[in-house]
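Asker:
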Amino acid sequence: MVEATGHAEDEESAAVLRTVGKVIKMYRERKGLTQAELGTAIGYSEEQVSSVERGRRAPKGQFLDAADQVLDAHGVIAGLKKDVEEARYPKKVRDLAKLEAEAVEICAYDNSVVNGLLQTEEYLRAVFGSRRPAFTEDEVEQRVAARLARQRIIDGKQMIPAFSFVHDEAILRRWVGGRMVMRRQLERLLEVGRMRNVEIQVLPLDREDNAGLGGPFHLLRLKEGTTVGHSEVQRFSRLISEAKEIQILELRYGVIRAQALPPRESLAFVEKVLGET
555 MVEATGHAED EESAAVLRTV GKVIKMYRER KGLTQAELGT AIGYSEEQVS SVERGRRAPK
615 GQFLDAADQV LDAHGVIAGL KKDVEEARYP KKVRDLAKLE AEAVEICAYD NSVVNGLLQT
675 EEYLRAVFGS RRPAFTEDEV EQRVAARLAR QRIIDGKQMI PAFSFVHDEA ILRRWVGGRM
735 VMRRQLERLL EVGRMRNVEI QVLPLDREDN AGLGGPFHLL RLKEGTTVGH SEVQRFSRLI
795 SEAKEIQILE LRYGVIRAQA LPPRESLAFV EKVLGET
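With the first letter of the sequence shown counted as 1, position 79 gets the number 633 in the working numbering; the numbers rise by one all the way through.
#1: Tell me, to the nearest whole angstrom, how far the beta carbon of N665 is from that of D722; I am working on the premise that it is less than 8 Å.
#2: Quick one: what does DSSP say V667 is sitting in, helix, strand or coil?
#3: Quick one: Cα of V730 to Cα of Y581, how far?
#4: If the criterion is Cβ atoms closer than 9 Å, does the pair I660 and L828 meet it?
#5: Is it right to say T674 is buried, meaning 16 or more other beta carbons lie within 10 angstroms of its own, or is it exposed?
#6: Looking only at DSSP bridge pairs, what is E659 linked to?
#7: Under 8 Å, with one C-beta from each stretch per pair, do the region 762–778 and the region 804–815 reach the 3-pair mark?
#8: DSSP on D722, reduced to helix/strand/coil?
#9: Along the alpha helix (DSSP H) that carries E583, what are the first and last residues, could you check?
#10: Using CA coordinates, which residue listed in V606, V824, E693 is at the minimum distance from L634?
#11: Can you give me the Cβ contacts of I800 inside the same chain, cut-off strictly under 8 Å, excluding the 5 residues immediately before and after it?
#12: Rounded to whole angstroms, what is the Cα-Cα separation between R608 and R697?
#13: Rounded to whole angstroms, how far is the Cβ of Q705 from the Cβ of L671, which I believe are closer than 8 Å?
#14: Assuming V603 and L592 make a contact with CB atoms under 8 Å, what is their CB distance in whole Å?
#15: So, for K777: in the same chain, excluding its five sequence neighbours on each side, which residues have a beta-carbon less than 7 Å away from its beta-carbon?
#16: Going by CA-CA distance only, name the one from G629, A822, F771, A797 that's closest to L726.
#17: Is T594 helix, strand or coil when you go by DSSP?
#18: With distances taken from CA atoms, which of Q589, A680, F689 is nearest M736?
#19: Quick check on the DSSP output: the beta strand (DSSP E) that includes E796 runs from which residue to which?
#20: Just the C-alpha distance for S785 and F682, rounded to the nearest angstrom, thanks.
#21: So what does DSSP say about E607, is it helix, strand or coil?
#22: Quick one: what's got a C-beta closer than 8 Å to V824's C-beta in the same chain, skipping five residues either side?
Here it is in C-alpha cells:
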C-alpha cells in the first residue's frame, strides 16, 4: 500500500484543537470568567482566548499552564500540552514520528540534504527557508518545531533503536545556510556518528555506480517484525508497506551501503571535508 499526503491541515489535528478549546471554555465558565477576564489574568488578549476556545489557534504551553492555574484545573489543562504540540505538526510528520517511535532500526539514504534526524536547527532553518514558494514565518516555525521533536528519538533518553545513515558526498559539500552553518552541521554528524547505536556512511562522488540515484528513502523496521518504507519527493510524502516495494528498497539500501565507505572511513571523510570548509 502506498499513501500520499500533502501539506494541508487535517481533520485529526483540527479535532484535537477543538477539544482543547472546549475543555478550556468549560473550566472558564465554571470559574465564572469572561474570555476578556481570563485573557487579562493570563496575559493574553480576548481575541486570542476566543480563537483558542473555538479551536482556531493552537495554544502555547505558557497559555495552557497559566490557564490551568487561574482556572484551578489541577493539571487537566496543562496536561493537554503534548496533544497540542503534536496537533501543531503536519499530519505526515506525526505519522512518520509514530513509526519512528515504534522502530527498532531506522535506515536512511539521502542525496540532497542531511537527513532530518541529524540536522542542526540552523541547518534545518536554512533548508525550510530555501523552499519555493516560500513558507510563511509561522509555517517555518511549525516545521522547525516538528523536526526538532522528531530528533528526540536519537538523544538516547528513550528506547534506542539502531540507526544507519548513508549520505552522498555532495550533501557534505553543499553549503546550505553558508559556511559556518555547514561547519556546525558537519560537527554534528561527527558527534552523532560516534554514538554506539549509529552508523553514518558517505557515498563518494567518484563511485561509478550509485544505486540511490532514484532519490532518498527510509526503511523503518518495527517491533513486531514488519518493515515500512518512507519516501518524500517535492511536496509529496509516501508511506510504503507493500511487500514487493519493501523488498526493492531493502535490496537497494544494501547495495548503497556496500557502495559507500565503511563507517570509520566515512567519519574520517567527514573530518576531511570539515577541515576544507
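Just so it is clear, CB atoms sit at the ideal spot from N, CA and C, and this is done for glycine as well.
Answerer: Reading off the structure:
#1: 4 Å
#2: The answer is coil: DSSP assigns V667 none of H, G, I, E or B.
#3: Whole-angstrom Cα-Cα distance: 47 Å.
#4: no
#5: The residue is buried, with at least 16 neighbouring Cβ atoms inside 10 Å.
#6: A716, R775
#7: yes
#8: strand
#9: 565–585
#10: When each option's Cα is compared against that of L634, the closest is V606.
#11: L773, T781, V782, G783, I794, listed in sequence order.
#12: A straight line joining the alpha-carbon of R608 with that of R697 spans about 23 Å.
#13: Confirmed, about 6 Å.
#14: 5 Å
#15: E656, V658
#16: A822
#17: Reduced to three states, the DSSP call for T594 is helix.
#18: A680
#19: Taken as a continuous stretch (DSSP letters only), E796 belongs to no beta strand (DSSP E), as it is neither H nor E.
#20: 18 Å
#21: Helix at E607.
#22: When the five nearest sequence neighbours on each side are left out, the beta carbons in the same chain lying within less than 8 Å of the beta carbon of V824 are those of L726, L740, L743, L744, G747, I754, V756, in order along the chain.
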